[in-house]
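Take a look at the structure set out below.
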Amino acid sequence: MNIIVLMKQVPDTAEVRIDPVSNTLVREGVPSIINPFDENAIEEGIRLVEKHGGRCTVLTMGPPQAEEALRRALAMGADEAVHVCGREFAGADTWATSYTLAQAIRQLGEFDLIICGKQTFEGDTAQVGPGVAEQLGIAQATYAIEVQIEGRKMRVKRVLEDRYETLEVRLPALISVVKQINEPRHPRLKNVMAAKKKPITVWGVDDLDARPNLIGLAGSPTSVVRIFAPERHHKGEIIEGETPVVVDKLIEKLRQLEAV
Amino acid sequence: MAVDFAFTQDQQDIFAAIKEFCDEELAPKAKETDERGDFPWETVRQVAEMDLMGIPVPEEYGGMGMDFLTWTVAAEYLSTACTTTGAVFGAHMLALYPIMAYGTDEQKAKYLPALATGEKIGAFGLTEPNAGSDQSTIATRAERDGDDYVLNGTKIFITNGGEAEIYVIIATVGQRLGVRGLTAFIVEKGTPGFEFGKNEKKMAYKSLSNRELIFDDCRVPAGNMLLTEKRGFRVAMGTLGVGRIGMAIGAVGLAQAALDAAVPYSKTRVQYGQTIENFQAIQFMIADMATEIQAARLLSYQAAWMKDQGLEFEKVAAMAKLYASEACSRVTSKAVQIHGGYGYTAEFPVERYFREAKLFEIVEGTSEIQRLVIANRVLKEYADKKR
Ligand SMILES: Cc1cc2nc3c(=O)[nH]c(=O)nc-3n(C[C@H](O)[C@H](O)[C@H](O)COP(=O)(O)OP(=O)(O)OC[C@H]3O[C@@H](n4cnc5c(N)ncnc54)[C@H](O)[C@@H]3O)c2cc1C
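These protein sequence lines map, in sequence, to chains W and L. Quick note on this note's numbering: the first sequence kicks off at 34 and runs consecutively. Quick note on this note's numbering: the second sequence kicks off at 1270 and runs consecutively.
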């Protein structure tokens, strides 16, 4: 079983500050972590390899300091890491990112499963995973909360807004995972030490078979006009108590609002 | 004076991993772990899964092959996050260390891997009802019978007792011989004639087991003897040397937890229209606490490092144990004081820290015994420097 996990290093905060002038993320002084959903993806990759054998390779596109995040993935138990790194890749939108990652995956050779987090904490688009699957022309199942593999088939339970859905897909495939799929492990000491000896392959623009006009800022059809935090919606009012009392209160409320 | 222990990159990476584990897994459960009153198997298992149990054990026996300084820092973090789990961790070393240091290749191959991985927990049985500070009165008899020794007697207060599977027991082949008769054995839980008695009710550490070990015609193979007959005092002293470093750093860890609770509290509690951190009386307490913790920590690290270097470390270990345990009592007391009345309630962890601290002044050699050891060495140093 060859598993490739897509991961990204992000600033360690759910509420990233945004520079109001440049509309870019302010990274100074914010420690970096692995995108939390990607930690679930790594955990799932490691567990599947523990169960079915094979190798778990983590893949990231990012600046040089993303090596730190790859080391942590290796310390969690991933077998090897690939780092797509270079100025030319910077400024990529989800389209260019998907293309670049797909090219890197092609270059890695045969694989059975690609796992990624459902979205990143900073971009929140949830587009890169599906984009990679499309680029590679393989099946995809997003928002996975449970996976079972039997031979070349995989059963995936997906979390949708109002229900669960179970799909059967043929490998190779891509899944994106939600937080509830597992509890990511803390790197144990032996793996922290072993990770130091595991290989991290760095691919620059010359190492990757990627068309220059499809990568980085140049390859990105999206341009960001403005980034802003969504307004907080007020929580609805919750009426609590015994059912008859609650019903009376509700009717009264509706009357006050002249809704009935 | 010997000091040279800057942390290597490997150590720093390992400490970061341990800190993350302690902060995220142990600390949030510490109150519950203490109050439940059951042996903390859940956290002990987690500690084992993190590869912490065998830090100084050679890799060939399933350990990390690192030094005692690394183990010491790990013990500090554990104690800060959850003193009870830290105490299990410390007592475990009291069985692991004598086997590692004095065991034959066969004994090491048989017992070290399970202890190093934490698959099995260890305990150390020295204290008896009539033998505490004074080990010359140990009365647990070991009589040779064919290929076995037959053990009879009772140990008390034994940390991890009943839960541990591997025990290092200090018995005697002749009580008249005093400490010269002491002999050490590895005894497995489940050996016929080896039973567990009373579990002590204590001032703190409700979830820690401190039990009687009862030996009633318990047959132990002669192959389970550490070193030879009558060399048990050496085993006991060597083990207590390492144990004192463990106790010292356990006290440092606990004192740090008290500071970590007191300072943020002083920044939120408002009296006379300002946060109490502004009062110099509070600031002076904080200054003393931080200073004593740092001094105790450095003494503990130095003792561990000296052991790693093969230097004579017993005096510094005794100093570390004495100073850290007494500093811990002062620091935890001040932490309660800074909290005022709230600090006396179970709503805040400092009342527990205050109760937990006292233990460090008693076990593995009371403060008085540490002073005896230190004075003995210092006087001897001056005698050697004859004018
Ligand atoms: C929670 C807990 C866990 C423990 N865990 C273990 C364990 O895992 N294994 C184990 O073997 N033991 C264990 N012990 C026992 C512990 O090590 C002893 O309690 C300790 O060594 C002191 O012995 P004692 O209680 O008999 O006190 P005593 O020796 O009776 O001392 C009483 C007082 O007399 C003082 N005193 C004694 N001799 C002298 C002297 N020569 N000069 C001046 N003052 C002196 C002491 O300092 C003390 O103040 C544990 C005890 C506790 C409470």
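The beta carbon of each residue, even a glycine, is placed where N, CA and C say it ideally should be. It should be emphasised that the depicted structure is a prediction, and the values quoted were computed from it without experimental measurement.
- Contacts with chain W (Cβ-Cβ distance below 8 Å) from the region 1278-1292 of chain L involve D1279, D1282, I1283, A1286, I1287, E1289, F1290, listed in chain order.
- Looking at V1342/L, E1498/L, D1307/L, the one whose alpha-carbon comes closest to that of D1282/L is V1342/L.
- Between R104/W and A228/W, the C-beta spacing is below 7 Å.
- Judged by DSSP in its simplified three-state form, I182/W adopts strand.
- The nearest non-hydrogen atom of ligand 1 is 6 Å or more from the C-beta of F1629/L.
- Approximately 7 Å separates the beta-carbon atoms of Y1474/L and L1628/L; this is inside 8 Å, confirming the contact.
- Counting C-beta pairs closer than 8 Å gives three or more between the region 62-80 of chain W and the region 199-217 of chain W, which meets the contact rule.
- Here the C-alpha atom of A123/W lies approximately 22 Å from the C-alpha atom of T90/W.
- Of all C-beta pairs linking the region 1560-1572 of chain L to the region 1496-1506 of chain L, fewer than three are shorter than 8 Å, placing the two stretches out of contact.
- Residue contact check for R105/W against chain L: no CB pair falls below 7 Å.
- For V211/W, no alpha helix (DSSP H) segment is defined, and its DSSP state is neither H nor E.
- Checking the 6 Å criterion, the Cβ of E1637/L is within range of a heavy atom belonging to ligand 1.
- The Cβ-Cβ distance between V189/W and V180/W falls below 7 Å.
- Counting only Cβ-Cβ distances below 7 Å, P220/W has contacts in chain L at A1286, in chain order.
- With fewer than 16 other CB atoms across the displayed protein chains lying within 10 angstroms of its CB, R1413/L is exposed.
- Distance check between M40/W and each of R139/W, E198/W, E76/W places E76/W closest, using alpha-carbon atoms only.
- Residue environment: D1320/L is assigned as buried (16 or more neighbouring CB atoms within 10 Å of its CB, all protein chains considered).
- Per DSSP, the unbroken alpha helix (DSSP H) holding T276/W starts and ends at 276-289.
- Out of M1575/L, L1648/L, V1504/L, the CA that lies nearest to the CA of G1394/L is found in V1504/L.
- With fewer than 16 neighbouring CB atoms inside 10 Å of its own CB, S1402/L falls in the exposed class.
- By the rule that beta-carbons nearer than 7 Å mark a contact, V238/W does not touch chain L.
- Taking C-beta atoms as the reference points, L92/W and A137/W count as a pair closer than 7 Å.
- In the three-state scheme derived from DSSP, where H, G and I count as helix and E and B as strand, V1619/L is classed as helix.
- Closest in C-alpha terms to T234/W, from the list Q140/W, V115/W, L241/W, A172/W, comes V115/W.
- A1440/L is a Cβ neighbour of L1420/L, given a cutoff of 7 Å.
- In this model, D112/W and A177/W are separated by some 23 Å (Cα to Cα).
- Chain-order list of chain W residues neighbouring M1319/L: H219, R221, L222, by C-beta distance under 8 Å.
- V225/W belongs to the set of residues whose beta carbon lies under 7 Å from a beta carbon in chain L.
- Partner residues in the beta bridge of R88/W, as assigned by DSSP, are N35/W.
- Bounds of the beta strand (DSSP E) holding A114/W are 113-117.
- Among the residues of chain W, none has a CB under 7 Å from the CB of M1369/L; the nearest is roughly 18 Å distant.
- Counting along the chain, Q42/W sits inside the beta strand (DSSP E) bounded by residues 42-44.
- R139/W and D45/W have their C-alpha atoms roughly 31 Å apart.
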